[in-house]
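Inspection log for the structure reproduced underneath, given as structure tokens.
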Amino acid sequence: MLILLFTLLEEEQQDLVKKIYKDYHAFFMNISRNITGSQTMAEDAVSEAYLRIIKNIKKISDLPRHDLRPFCVVIVKNCSMDILRRNERYVYGAEEQLQLESTGQSEPEQEMLNSEEKLAVSKLLSVLSDEEKEFVSLKYAYGMKYKEIAVIFDISEETARKRNQRIIDKLRKSYMEDKDGSGF
């Protein structure tokens, strides 16, 4: 399907898709793997993202150069979330099963540890607004630069830096209050 759609593009558009693939494929895979927790699902999500990129190539080719990566990251993120929703009853493949076994812990024990960590992080992040959570996700989960985040939020790079510091301060204050109250 990808190849068929790719051949229908104009040469200029094909070059842009090739450049996106060359420059960002590994980055897209990391983002998707972090979201889905699975190499297999990440590959599916990134493939689906390329389909969406090709379908929207006219819009993408009109974007300013600095908006290209953030726009594509949002597509990859959405595709990864879609794959997760469709695969709620995912059966571990051989690769994922080996990773579980190599940790030396059984799946239920690992799930318990992961759920406790997720609960602590979730509790900490609950003090943030949805926009602040998105900011944290882009910065720390996806490793985006302030400049790229600034484009997504339509703010200056300096404002993005200051916003990050305010969010960190807010999380630190919440953590310290909960720690003193034995919440963590």
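For the sequence shown, position 28 (counting from the first letter as 1) is numbered 36 according to the numbering used here, and the numbering increases by one without interruption.
Glycine included, each C-beta is placed from N, C-alpha and C at the ideal position.
The C-alpha of isoleucine 175 is placed about 12 Å away from the C-alpha of tyrosine 183. Rounded to whole angstroms, the separation of the alpha carbons of arginine 169 and isoleucine 61 is 29 Å. Going by beta carbons, tyrosine 150 and isoleucine 39 fall inside the 8 Å limit. With 16 or more other CB atoms across the displayed protein chains lying within 10 angstroms of its CB, tyrosine 154 is buried.
For the 8 Å CB-CB criterion, isoleucine 28 and alanine 53 do not form a contact. Ranked by Cα distance from leucine 146, the first of Arg94, Arg77, Lys131 is Arg77. The segment 26-88 contains, as complete alpha helix (DSSP H) runs of 4+ residues, the segments 47-63, 65-69 (chain order). Across the set Leu59, Arg94, Asp70, the C-alpha of Arg94 shows the shortest separation from the C-alpha of threonine 44. Beyond the five residues adjoining it in sequence on each side, isoleucine 83 comes within less than 7 Å, by CB distance, of Ala57, Arg60, Ile61 in the same chain, given in chain order.
Rounded to whole angstroms, the gap between the alpha carbons of isoleucine 68 and serine 130 is 34 Å. In this structure, cysteine 87 sits away from tyrosine 32, with a CB-CB distance that is not shorter than 8 Å. Secondary structure remark: continuous alpha helix (DSSP H) runs of at least 4 residues inside the segment 119-185, in chain order: 138-144, 154-161.
In terms of CA proximity to aspartate 186, Leu132 leads the group Leu132, Asp177, Asp70. The DSSP-derived three-state label of leucine 92 is helix. With fewer than 16 other Cβ atoms from the protein chains shown falling within 10 Å of its own Cβ, lysine 30 counts as exposed. Glutamate 18 sits in coil when the DSSP states are folded into three classes, being neither helix nor strand.
Residues of the same chain with a CB within less than 8 Å of the CB of glutamate 18, apart from the 5 flanking positions on each side, do not exist.
Judged by beta-carbon spacing, lysine 85 lies beyond the 8 Å limit of leucine 136, meaning their Cβ atoms are not closer than that value. Your pair valine 144 and aspartate 75 does not check out as a contact, with CB atoms roughly 21 Å apart and the cut at 8 Å.
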